[in-house]
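Novice:
This is how it looks when you write it as structure tokens:
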């Protein structure tokens with residue numbers, strides 16, 4: 001390459017497009033104009049879970065408790081109470097429920113409010129919900145032949161209600177009642193989610209859409225529904241499921257659910273929380289149950305763990321907190337009754353974690369059959385008192 005050619009490529013060139021080449025109606029931004037301007041903070045309805053200005057999907061199999069979780073979220077937002085430990089600012093909220101009638105919604109909300117230390121009156125006018133069982137709930141139809149969309153009057157009704165009530169969170173339950181297209185048609189899926197995002201932008205809030213996972217989504221454990229376009233189109237996706245079965249677990253804990261966060265465009269994804277359905281409301285396992293009954297149950301299980309630990313130590317059967325070990329404490333303890341009662345591995349694992357956190361048990365050492373030292377769980381000086 002000649003010196004002239006090098007000079008040609010090394011010299012910066014500024015190109016200003018001709019004004020008549022810029023299409024009218026486009027919002028064009030020159031990033032250089034942002035120099036010195038403050039960066040706008042990310043805005044959330046529920047920090048790290050539900051971003052403002054977006055559509056969020058909550059998927060889960062039928063009967064798993066999606067509607068209860070959605071109602072609990074609505075109540076927390078309207079009351080300004082933490083949702084499963086996540087901080088929530090108080091703001092109006094609204095929900096449309098195509099699968100539950102007025103009486104069912106009443107019963108569920110009556111069970112949820114005591115867990116939040118609230119009454120119906122505390123909600124004021126900040127929460128509204130609309131039962132839609134047995135009605136035509138399609139928001140957008142798509143022509144079978146041409147695929148052209150037709151927005152229904154119900155879509156306008158939903159938007160107008162959300163705007164009129166100043167709702168910042170709008171819950172829609174559920175997708176198969178609202179979507180009139182082919183769930184595997186990427187173009188129709190993106191158009192439908194785009195219609196919901198317009199609502200989110202209009203209300204300066206978020207739309208949370210409940211959905212049932214497809215057979216493939218259930219079998220794979222991903223919780224996705226139909227085309228991968230659903231996962232691609234939403235900004236955040238939550239998945240409510242039962243825990244995977246464990247042959248060593250003993251009788252299954254029917255109250256246990258797993259809430260996963262497999263997708264988040266604006267925060268770290270991959271989060272997972274163990275929830276328990278207690279008296280009609282969800283409680284995070286790592287935060288314990290609510291009320292006197294939950295406290296007594298936890299203390300009884302922790303007492304049982306310590307009793308089993310003492311018995312095993314006396315027998316010379318030292319246990320560990322390593323879950324892949326045959327000496328894993330919850331697994332060994334769940335195999336036999338403790339004080340005449342059986343406990344599941346899950347219950348004993350929770351008790352073990354609580355005892356470690358309080359310092360009642362610690363990791364010590366013992367001598368194994370091969371005369372080598374190995375780690376084991378022992379009572380601390382505090383726990384031995």
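In UniProt numbering, the protein residues as written are 1 to 385. Beta carbons are placed, not taken as given, at the ideal position from N, Cα and C, and that holds for glycine. These numbers come from a predicted model, not from an experiment.
1. Taking 8 Å as the cut-off, decide whether the C-beta atoms of residue 157 and residue 210 are in contact.
2. Assuming residue 95 contacts residue 129 under a Cβ cut-off of 8 Å, what Cβ separation, rounded to an integer in Å, is found between them?
3. Using CA coordinates, which residue listed in 67, 66, 111 and 115 is at the minimum distance from residue 85?
4. Within the continuous alpha helix (DSSP H) that includes residue 160, where are the two ends?
5. Report the residue ranges of all beta strand (DSSP E) runs contained in full by the stretch 179-211; include only those spanning at least 3 residues, in chain order.
6. Are residue 120 and residue 136 touching if we call contact CB-CB under 8 Å?
7. At what residue ranges does the stretch 62-138 contain a whole run of the beta strand (DSSP E), taking only runs of 3 or more?
8. As a quick exercise: from 29, 58 and 27, pick the residue whose alpha carbon is nearest that of residue 235.
9. Does DSSP classify residue 290 as helix, strand or coil?
10. Got a sec? Which residues, its chain only, sit under 7 Å from residue 377 by beta carbon, not counting five neighbours each side?
11. Would you list the one or two residues that DSSP bridges to residue 54?
12. If you follow the alpha helix (DSSP H) that residue 355 is in, where does it begin and where does it stop?
13. Which residue wins for smallest C-alpha separation from residue 71, given the options 52, 110 and 193?
14. For residue 206, which residues in the same chain have their Cβ closer than 8 Å to its Cβ, ignoring the five residues on either side in sequence?
15. Look at the alpha carbon of residue 372 and the alpha carbon of residue 332, and state the distance between them as a whole number of angstroms.
16. Quick check on this structure: which residue in 351, 271, 334 and 106 has the alpha carbon closest to the alpha carbon of residue 300?
17. Would you mind sorting residue 272 into buried or exposed? The rule is 16 or more other CB atoms within 10 Å of its CB.
18. Who pairs with residue 375 in a beta bridge, going by DSSP?
19. Which same chain residues end up closer than 6 Å to residue 149 when comparing Cβ atoms and leaving out the 5 residues on each side of it in sequence?
20. Within the present structure, is the beta-carbon of residue 123 separated from the nearest heavy atom of the ligand PLP by less than 7 Å?
21. Is residue 59 helix, strand or coil when you go by DSSP?
22. Under 8 Å between the Cβ atoms of residue 79 and residue 90?
23. To the nearest angstrom, report how far apart residue 380 and residue 276 are at their CA atoms.
24. If you compare alpha carbons, which of 369, 184, 342 and 175 is closest to residue 61?
25. Just verifying my parser: in three-state terms, what is the DSSP assignment at residue 173?
26. In or out: residue 339 buried (at least 16 other Cβ within 10 Å) or exposed?
27. Going by DSSP in three states, residue 264 sits in which element: helix, strand or coil?
28. Do you know offhand how far residue 375's Cα is from residue 337's?
29. Rounded to whole angstroms, what is the Cα-Cα separation between residue 97 and residue 356?
30. Who are the near neighbours of residue 253 in its chain, counting only those whose CB is closer than 7 Å to its CB and skipping five residues on each side?
31. Mapping DSSP to helix, strand and coil, what is residue 336?
Specialist: For this structure:
1. No, Cβ-Cβ distance for residue 157 and residue 210 is not below 8 Å.
2. 4 Å
3. 115
4. 153-164
5. 206-211
6. no
7. 93-97 and 127-131
8. 58
9. Per-residue confidence for residue 290 stands at a pLDDT of 45, beneath the threshold of 50, marking its modelled position as unreliable; the derived number appears in the next sentence. In the structure shown, residue 290 sits in coil (DSSP, three-state: anything other than H, G, I, E or B).
10. 309, 319, 320, 321, 329, 361 and 363
11. 206
12. 345-358
13. 110
14. 45, 50, 51, 52, 53, 54, 55, 56, 168, 169, 170 and 200
15. 22 Å
16. 351
17. exposed
18. According to DSSP, which records beta bridges pairwise, residue 375 is partnered with 365.
19. Once the five neighbours on either side are set aside, the close Cβ partners of residue 149 are 140, 142 and 191.
20. The ligand PLP is absent from the structure shown, which contains no ligands of any kind.
21. strand
22. Result yes, Cβ atoms of residue 79 and residue 90 sit closer than 8 Å.
23. 30 Å
24. Checked all of 369, 184, 342 and 175; the closest Cα to residue 61 is 175.
25. strand
26. exposed
27. strand
28. 25 Å
29. 43 Å
30. The answer, listed in chain order, is 344 and 346.
31. coil
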